[in-house]
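Colleague: Numbering-wise (full-length UniProt numbering), the sequence shown opens with residue 1 and increments by one. I'd like to ask some things about the structure below.
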Amino acid sequence: KSFRGSYEYQQPTTVVTSETGANHPSTKDETSTLSQEEISSKGRSNIPPSPQSYSPSVSSRASHLPYDESTPGVGGQGLDALEKNVSVEFSPNFPGVSQENRSRELGRKVSSLLDSLLLGYDRRLRPDFGRAPLTVKADIEIRSMGPISEKDMIFSMDCYFRQNWVDRRLAFNATKEQVTKVSLNLKMLERIWHPDTYFVNGGPSYVHTITTPNKFVRLFYDGSVLFSQRLTIKANCPMHLEKFPMDSQLCPLHIASFGYPASDVIYEWHYGNALAAVAATDMRLSQFDLKAMPASNTTKRFKGSPHSILSVFFDFRRHTGFFLIQVYLPCCLLVILSWVSFWINREATSDRISLGATTMLTMTFLVLDSRNDLPRVAYSTALDVYVALCFFFVFASIVQFAAVHFYTKYGTADTDFRASIMPDTDSETDTEDAEVQGCFRTSNQARFRQPTKSHSNLKPDSITACIRKMWSCLLSTRTRSFNKNVRNALGLNSVSKIDTMSRVLFPVAFLGLNIVYWILYW
1 KSFRGSYEYQ QPTTVVTSET GANHPSTKDE TSTLSQEEIS SKGRSNIPPS PQSYSPSVSS
61 RASHLPYDES TPGVGGQGLD ALEKNVSVEF SPNFPGVSQE NRSRELGRKV SSLLDSLLLG
121 YDRRLRPDFG RAPLTVKADI EIRSMGPISE KDMIFSMDCY FRQNWVDRRL AFNATKEQVT
181 KVSLNLKMLE RIWHPDTYFV NGGPSYVHTI TTPNKFVRLF YDGSVLFSQR LTIKANCPMH
241 LEKFPMDSQL CPLHIASFGY PASDVIYEWH YGNALAAVAA TDMRLSQFDL KAMPASNTTK
301 RFKGSPHSIL SVFFDFRRHT GFFLIQVYLP CCLLVILSWV SFWINREATS DRISLGATTM
361 LTMTFLVLDS RNDLPRVAYS TALDVYVALC FFFVFASIVQ FAAVHFYTKY GTADTDFRAS
421 IMPDTDSETD TEDAEVQGCF RTSNQARFRQ PTKSHSNLKP DSITACIRKM WSCLLSTRTR
481 SFNKNVRNAL GLNSVSKIDT MSRVLFPVAF LGLNIVYWIL YW
């Protein structure tokens with residue numbers, strides 16, 4: 001069974017131009033003729049250059065790369081030099097052999113190469129089995145990140161995860177085969193060995209499958225294998241929320257082999273710790289800033305055997321703008337609103353109680369809403385401290401009014417009645433009330449008494465006295481109401497000393513505690 005793939009065709013040359021500027025003879029075009037019968041008779045054997053069939057144009061930026069015929073794919077300047085310094089261009093005119101036939105023959109050549117590589121290949125054994133540990137190099141390219149959940153303490157990201165390793169059983173001679181690398185079908189991955197890499201602290205992650213599984217395998221001439229896949233990774237992140245929402249979180253991602261110990265497989269970052277993970281330049285996070293991505297390569301023991309582990313740490317700094325607008329600013333405004341009661345007349349009991357109760361209920365709603373997205377941790381966060389501080393000031397304003405109301409009703413030191421100017425004592429009030437009740441009682445008795453005698457028996461003096469008392473009652477009520485209005489206009493019995501002190505003490509205390517709070521938590 002053969003496996004087709006893409007390939008790069010290389011025409012070997014003997015003389016090229018050097019990057020150093022030295023003069024060398026220019027490359028000569030070589031052509032040859034090759035009939036269709038010869039192509040069929042050759043089968044999968046190497047086809048020599050035909051001077052009359054095609055004229056390759058070889059461009060080079062370095063000297064010719066020598067190869068060791070005895071060791072396929074090993075020697076010379078290596079894979080990077082070959083890919084960087086040599087490129088092949090084919091002329092569109094192929095007299096005698098069509099482009100379709102040549103492409104078909106090259107496909108059969110690559111298929112034959114893959115079949116020969118898999119002949120006797122055992123995918124159950126790792127490369128270099130029984131010898132030195134195999135080195136697997138990895139790197140991560142992050143396309144996007146999020147969401148980051150404090151409630152579940154997980155973070156997710158969409159990335160390209162690449163792994164490189166060398167399997168010498170898959171090496172081939174690049175000069176002889178005229179191929180430097182082959183991009184393979186995913187079915188080829190099932191026929192070769194590949195590392196059992198997993199994410200130690202990973203959650204429910206998955207490979208993207210639209211429109212096809214986002215994976216590819218590339219085989220190089222020296223046996224190097226590149227395995228790349230696009231993943232959405234969810235990983236656990238132990239968060240410390242004492243300074244929430246002015247906090248920074250360091251979320252790790254650990255990579256290791258599931259079954260191979262460090263004596264068999266060792267993991268390394270392909271481009272070093274500094275470039276272990278690279279984020280896209282256009283990547284943005286809604287609630288965080290990604291400050292840095294430090295990485296490390298360590299060895300830890302799992303059940304008695306050491307395992308090689310790659311670790312990358314994502315340093316997140318939270319944005320505080322959302323919480324300033326949604327929590328901090330409303331709490332401050334509610335506290336300031338509770339201070340309005342200090343300027344309301346202390347006799348307006350219903351107004352001050354309504355204002356205090358409304359602010360308390362609103363603060364309670366903010367307290368509950370601010371913890372919806374947080375886990376039920378056993379400690380207080382910075383946001384909890386601030387909300388509790390504001391709640392205390394709102395509650396204190398209600399207690400303050402209770403004290404003012406108590407001294408207004410029963411005290412005398414905080415009240416100026418000015419009896420000499422506007423006498424309105426309780427005794428006078430009681431006397432006037434008794435007179436009013438007496439007037440109406442007399443009137444009712446005269447109105448509803450059973451007429452045992454004729455109307456001529458009623459005395460005119462009693463009727464006149466009753467009318468006089470009623471008129472006196474009306475005048476007394478109007479006078480008392482007028483006196484009360486005069487006292488209010490003059491400011492008598494309307495301002496409490498407690499209210500006067502609270503107008504200064506409450507704002508100063510709240511401002512001072514705010515300064516201490518932001519110094520501690522910012």
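Even glycine gets a Cβ: it sits at the ideal position worked out from N, Cα and C. Values in this document were obtained by computation on a predicted structure and should not be read as measured data.
Which class does residue 247 belong to by DSSP, given the choice of helix, strand or coil?
Modeller: Of the three classes helix, strand and coil, the one that applies to residue 247 here is coil, per DSSP.
Colleague: For a quick check, are the C-beta atoms of residue 389 and residue 363 less than 8 Å apart?
Modeller: No, they are not a contact pair.
Colleague: I need the DSSP call for residue 234, collapsed to helix, strand or coil.
Modeller: Residue 234: strand per DSSP, three-state reduction.
Colleague: If you reduce the DSSP assignment to three classes, tell me which class residue 150 lands in.
Modeller: Three-state DSSP puts residue 150 in coil, outside helix and strand.
Colleague: I need the straight-line Cα distance from residue 514 to residue 194, nearest angstrom please.
Modeller: Each residue's alpha carbon lies about 58 Å from the other.
Colleague: Whole angstroms is fine: what's the gap from residue 205's alpha carbon to residue 188's?
Modeller: Using only the alpha carbons, I get a separation of about 24 Å.
Colleague: Under DSSP, the alpha helix (DSSP H) around residue 173 begins and ends at which residues?
Modeller: First-last for residue 173: undefined, no H or E at that position.
Colleague: Classify residue 309 as helix, strand or coil using the three-state DSSP reduction.
Modeller: Note: residue 309 maps to strand in three-state DSSP.
Colleague: Go to residue 369, then tell me how far its alpha helix (DSSP H) extends in each direction, as first and last residue.
Modeller: Start and end: 349-370.
Colleague: Which value, in whole angstroms, describes the spacing of the CA atoms of residue 86 and residue 270?
Modeller: Reliability fails at residue 86, whose pLDDT of 32 lies under 50, so the model's placement of it is uncertain and no value is given.
Colleague: Could you tell me the boundaries of the alpha helix (DSSP H) in which residue 100 lies?
Modeller: Looking at the DSSP string, the run of the alpha helix (DSSP H) that includes residue 100 is 99-118.
Colleague: Alpha carbon to alpha carbon, what distance is there between residue 130 and residue 170?
Modeller: Taking the straight line joining both Cα atoms gives about 18 Å.
Colleague: In this structure, what does DSSP give as the bridge partners for residue 165?
Modeller: In the DSSP output, where bridge partners are listed per residue, residue 165 has 225.
Colleague: So, under 8 Å CB-CB, residue 287 and residue 322 are touching, yes? Tell me the CB distance rounded to an integer number of Å.
Modeller: Right, their Cβ atoms sit about 7 Å apart.
Colleague: The beta strand (DSSP E) that contains residue 181, what's its start and end?
Modeller: First-last of the beta strand (DSSP E) with residue 181: 179-184.
Colleague: Please name the residue, chosen from 139, 212, 109, that lies closest to residue 178 on a Cα-to-Cα basis.
Modeller: Nearest of 139, 212, 109 to residue 178, Cα basis: 109.
Colleague: Does DSSP put residue 290 in a helix, a strand or coil?
Modeller: Residue 290: strand per DSSP, three-state reduction.
Colleague: Identify the continuous alpha helix (DSSP H) that holds residue 219 and give its terminal residues.
Modeller: Element bounds for residue 219: not the alpha helix (DSSP H) but the beta strand (DSSP E), 215-220.
Colleague: Assess, as a yes-or-no matter, whether the region 221-240 is touched by the region 257-264 under the definition of 3 or more beta carbon pairs within less than 8 Å.
Modeller: The region 257-264 is not in contact with the region 221-240.
Colleague: Here's the rule I'm using: 16 or more other beta-carbon atoms within 10 Å means buried, otherwise exposed. How should residue 154 be labelled?
Modeller: With 16 or more Cβ atoms within 10 Å of its Cβ, residue 154 is classed as buried.
Colleague: Using the three-state DSSP reduction, which class does residue 241 fall into: helix, strand or coil?
Modeller: If DSSP states are grouped into helix, strand and coil, residue 241 belongs with coil.
Colleague: From this set, 146, 307, 339, 227, which residue's C-alpha is nearest residue 357's C-alpha?
Modeller: The shortest Cα separation from residue 357 among 146, 307, 339, 227 belongs to 339.
Colleague: Among 139, 135, 158, whose alpha-carbon lies nearest the alpha-carbon of residue 146?
Modeller: For the residues 139, 135, 158, the minimum Cα distance to residue 146 belongs to 158.
Colleague: What residue range does the alpha helix (DSSP H) around residue 302 cover?
Modeller: Run containing residue 302: none in the alpha helix (DSSP H); it sits in the beta strand (DSSP E), 295-302.
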